[in-house]
Structure formats: structure tokens, C-alpha cells
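I have placed the structure first, in the form of C-alpha cells, so that the comments after it can refer back to it.
Residue numbers (mature numbering (1 follows the signal peptide of the UniProt record, and there is no 0)): -25 to -1, 1 to 548.
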């Protein structure tokens, strides 16, 4: 990395220290620069317009605001309005909330798998299971990222929102069970991606309070940034001239009252529109703005700005399959605290003591009753107990845990298409789970290891002897986990079990892939003043859980963009 870049980085560090030393920075949730979109002027001008205040958008905006005027347009609301709602005990209730003001917008893929996308300041970091772990070195190398700047950017994130999780009885027993099952060695606590079993980081503090990417806006210069909530971007505006490349000029967005606003770039030729709307939102908005497969755009009467057939292609969702294990002993409330990283390409994680909605509790009770030939009331006592925590959205939680495995780097991929021209609606999404036999074999192998861990000596205090491995599989098969048909042999054949009960781990990525839609600087190919900085550019999901790397990338690219703005194009030497 060139000397002038490190000189620039040192200047950023000095200015950051000076800025925060003067106590001008603002603490979450008391941001003076966050407003409802209805308060926005009809026309405004900025150096950078960021579409999406999510896991990448927040650190990107905070970084750019150190030396430029920044606008963030977030389609959702604030996670700070109800301070306890994002906390650990409300993980599943938030994901299952279908109200108009929910943090998650549900959708079902064409594969028949239920899914969700974030719509809240902080993005997926507000609704995920909180695990914080770095990308594997191969991911960083493939993306062409500088290792030193990557580490610097990770540390910038970690100073605000990363913690070491507690390892209580249930999580410790399952970790030891994985070690017995052969997921070795025991790597202790580390953010690094290492084969074996390790304790990773978490964005939940010691009081189970969630810290999100929105907290990274504490780094922002409050005088150089505006964040508008409930701001739905309808399209990106382009300038097209003969003998010149198409250039982004700004965006049109609508507030919650239906009024339109125009946010435009300043006349500085280095100003940019940056898409950080995620693996669904970024390709969807590119298409709505006229960049995408021309035949699909013409179908909806969208003027073709640039025919780009790769927009929406290469969309991947890592398959997830689970075991629900009722416990005879009390269990702690825990989300993901450790992970088993296998050498054949899968990850095994778990949570315990979580809250279910009443309808889900009834579904589990009915399935257990059928398996054990008991009454529904008797089976309910096997897995459910009351909650004493008044801050929980529900009053019951499971006495037991959920063990899940994720297929790493699936070969199977799908695509995204427009459903209509409404940016508020979900696009049409197909993931093609287990289309490649190699992905299915990874799932089968991983489920076997999970079963071995459940029936290990270490985990014996947290399982019922009356529930065989077949019974655990049958329980999952009988639950309404997706809309896919069931084979009669689903509880006997792990291949059928994986295909029939597949779920999402919400780590879908692609649609605007690096090298296909954007270049190594994340600039949209063939278009000026437009970048994409989010998971839609990924060719694989980084690490065991992507949020750490998505936040890192926001900081990393913010620094690179500022360096390019003031010192010219970054060059390797």
C-alpha cells in the first residue's frame, strides 16, 4: 500500500482523535442528525448519497462524514425508539413480527422458504443472532482487500460493538459435545476464522443489550451528516450525454406521507451515489433505475440506462437445517456463542432458551405429542416454561435449544427478478437450494455431526433419553418450517431431511457480484459516480457469520473513497 495512503490514514486518525477529543461526537441514541424523511427539503445537495442505513451503510456514512457532506436514506425506522426491543430475548419475535413497523420485512422465496430482510437503521445487525466473527483469509484475498487496512477497520468496529459472550451450561455442554464429535481442536475465544470449535464475539453486552451498526454513527461528524428515516428511494437519477459515460446525479425518494424529494450530488465530479441496500435491495433498485437485463426492464416499461444482464444473477442463500432439542434441565437464554468450523465445508451453531410465538409453541407441542403419543398439554411441559423477564415480548420460552448447521460456499445459486415497480415490495427471488449434489452432501455430513454432539456424554444432561435421533428428525419434519413438500422418508433419509426442511440463515448474498456488476473499487461497471458497498457484491458469505465483515467493509471503503477524493486513485506499490 502506497506511502501517501498511509499518510492520509494518519491524517484521518489525527482528525478523528481531535474531533472526538472536543466531545463533538454524539452518543446513540441521541443523534441530532437523524430525522423523519418528511422533514427533508424538497431538493438538497450532498457529496455522498448512501441508499440504505444498514450494516454497511452506517459505518460507511460515519467514515465519509469525517471529511465530506453525507446523506443516508433508510427505508425503515430507528432501533432506539423501543430500547429493549432489539435485545437478546426478542430475537425470534422480532423476526416473526409482520406488522408494518417491524424491523424485518418477510418474504418467501420461489423455493418455498420463509425469509426476511431488514428495514431499520442498523440493518441486519438489529435482527440477527449477534455472532461476530471475521472472514476467512481466502475471502479477503479473493476480494483484493488489503490485510492491514482490513484489520484496522475491524478494530474500529470492535471498539464500539463487539464483546466476548458468556459460556454458560447449555452452550458449554454442546461445545464440548462438538469436540467429542470430532470438530477439533478447541480454539478458545477468538474473532479469527479457524478450523475447529471456537467461541466467537457477540454484539450483545453483559446485560443482553444489543449493539448494532447504528451505534457506529457515534463516530460521525454530526455537522456533516443527515440521516432520514422512512425514506424509500424510488430510483437513481442519471445524466446521459453523447460520447460520455452515464453518470449518477442523485436520487428520488418518498417520505412516509407519500411526498417526493430530490437529493442531488454536488457539482464536484468526485461526488457519488452509493448503494448499500443489501443483496435484495441493491439489485432491485438498480433495475428500477434502468440498469439491469434489458428484456426484464422493458417488460415493466423501465427506460434502459444500461443493459447489464448480470444484475440480479448469482444470488446465493446458504442452506440452514436445524434440530430442536427439548431439555429435562433448565437452560440459559443464549444466542450464538460458539461455532464448529468443519473442514468439509459447514458451520454448526446453536441457541437456547429462546422465545416462540404462541402459534409456534402450539405447533411444537402438537408435533411432540404425535411422536411421543402424549397429550398436547403433556408434551408442552417438555419444552416450554414461563419467562420472568418483563422486558420480553412474550411470556414463554423453550426449555431446550436449537442446533443448526449452515452449508459453506454453496455451489447452487439463483437469481432475482422484479415483481413490480414498487420499491417497497419484495422482488421475486429464487435460490435453488441443493441444486448441486455437493451442497446436499455437506448438509448430510453436518447433520450427522450435530446428532453426534446431541448424543455425546458432554450433552447428556440436556436431552431426554426417550427422544431418539429419529424422533428429533421427525419433530422438525412435522413443523411448518417452510412451504416445501415432505417426502415420506424425510425422517429416515438425511438427504430428504435436508431438502425438505431447508431454511435460511439470512446470509443471502450476491446479485451485484464483484467482477460482474462492480469492479474491485466497488464501482458499477460502465457508470460514473455510482458504487455498491454491501453483501450484494459478495461471491461468498464471509466467515461463519457475515456481519463483522460487512461492517468492516463499510469502514474500509469509506477510507478508500476519501483517500481517492483528496489524494487521487489509490495505487498499490
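By construction, the Cβ of each residue, glycine as well, lies at the ideal position given by its N, Cα and C atoms.
Distance between residue j and residue i (C-alpha atoms, nearest Å)
i, j, result
"residue 437", "residue 327", "11 Å"
"residue 250", "residue 86", "27 Å"
"residue 549", "residue 170", "Examination of residue 549 is not possible in this model, given that the chain is present from -25 through 548 alone."
"residue 425", "residue 323", "7 Å"
"residue 102", "residue 79", "7 Å"
"residue 148", "residue 310", "14 Å"
"residue 221", "residue 266", "11 Å"
"residue 29", "residue 38", "14 Å"
"residue 458", "residue 312", "30 Å"
"residue 304", "residue 144", "10 Å"
"residue 314", "residue 15", "44 Å"
"residue 572", "residue 428", "No answer is possible for residue 572: it lies beyond the span of the chain, which begins at -25 and ends at 548."
"residue 344", "residue 98", "38 Å"
"residue 417", "residue 479", "16 Å"
"residue 331", "residue 373", "7 Å"
"residue 333", "residue 347", "21 Å"
"residue 496", "residue 123", "17 Å"
"residue 180", "residue 140", "8 Å"
"residue 187", "residue 520", "15 Å"
"residue 371", "residue 359", "7 Å"
"residue 461", "residue 467", "12 Å"
"residue 194", "residue 499", "27 Å"
"residue 367", "residue 58", "Any answer about residue 367 is weak, because its pLDDT of 45 lies below 50 and its placement is not dependable; what the coordinates show is given next. About 12 Å."
"residue 316", "residue 172", "6 Å"
"residue 539", "residue 413", "42 Å"
"residue 142", "residue 308", "11 Å"
"residue 365", "residue 65", "Reliability fails at residue 365, whose pLDDT of 40 lies under 50, so the model's placement of it is uncertain and the value that follows must be treated cautiously. Whole-angstrom Cα-Cα distance: 11 Å."
"residue 146", "residue 175", "12 Å"
"residue 113", "residue 120", "10 Å"
"residue 263", "residue 129", "33 Å"
Reference residue i; option with closest CA among the options
i, options, result
"residue 43", "297, 324, 513, 198", "198"
"residue 26", "247, 158, 319, 488", "247"
"residue 183", "61, 13, 410, 507", "61"
"residue 493", "514, 482, 476", "514"
"residue 503", "456, 272, 212, 337", "212"
"residue 403", "235, -1, 88", "88"
"residue 292", "59, 45, 534, 516", "516"
"residue 628", "475, 444, 466, 462", "What is shown of the chain runs -25 to 548, which leaves residue 628 out entirely."
"residue 75", "59, 216, 400, 83", "400"
"residue 56", "204, 175, 194", "204"
"residue 72", "408, 335, 386, 440", "335"
"residue 319", "445, 384, 163", "384"
"residue 419", "223, 477, 406", "477"
"residue 444", "397, 160, 300", "300"
Contact belief for residue i with residue j at Cβ below 8 Å, rounded distance in angstroms
i, j, result
"residue 190", "residue 3", "5 Å"
"residue 241", "residue 542", "With a Cβ gap of about 19 Å, residue 241 and residue 542 do not count as contacting."
"residue 54", "residue 95", "5 Å"
"residue 253", "residue 92", "6 Å"
"residue 24", "residue 226", "6 Å"
"residue 185", "residue 63", "7 Å"
"residue 50", "residue 156", "The pair is not a contact, with the Cβ atoms about 43 Å apart (cut-off 8 Å)."
"residue 6", "residue 192", "6 Å"
"residue 17", "residue 237", "7 Å"
"residue 529", "residue 105", "Not quite, the Cβ-Cβ distance comes to about 18 Å (not below 8 Å), so this is no contact."
"residue 209", "residue 231", "Rounded, the Cβ-Cβ distance is 14 Å, inconsistent with contact."
Contact under 7 Å by Cβ, residue i with residue j
i, j, result
"residue 298", "residue 447", "yes"
"residue 109", "residue 518", "yes"
"residue 451", "residue 67", "no"
"residue 508", "residue 70", "no"
"residue 501", "residue 281", "yes"
"residue 473", "residue 415", "yes"
"residue 165", "residue 107", "no"
"residue 391", "residue 289", "no"
"residue 258", "residue 284", "no"
"residue 465", "residue 486", "no"
"residue 41", "residue 196", "yes"
"residue 422", "residue 463", "no"
"residue 454", "residue 321", "no"
"residue 340", "residue 378", "no"
Beta-bridge partners of residue i, as assigned by DSSP
i, result
"residue 316", "171, 322"
"residue 203", "10, 48"
"residue 296", "380"
"residue 235", "229"
"residue 89", "83"
"residue 309", "327"
"residue 179", "185"
"residue 359", "373"
Proximity test, residue i beta-carbon vs the ligand MG heavy atom, cut-off 6 Å
i, result
"residue 529", "Ligands displayed in this structure: none; no statement on the ligand MG is therefore possible."
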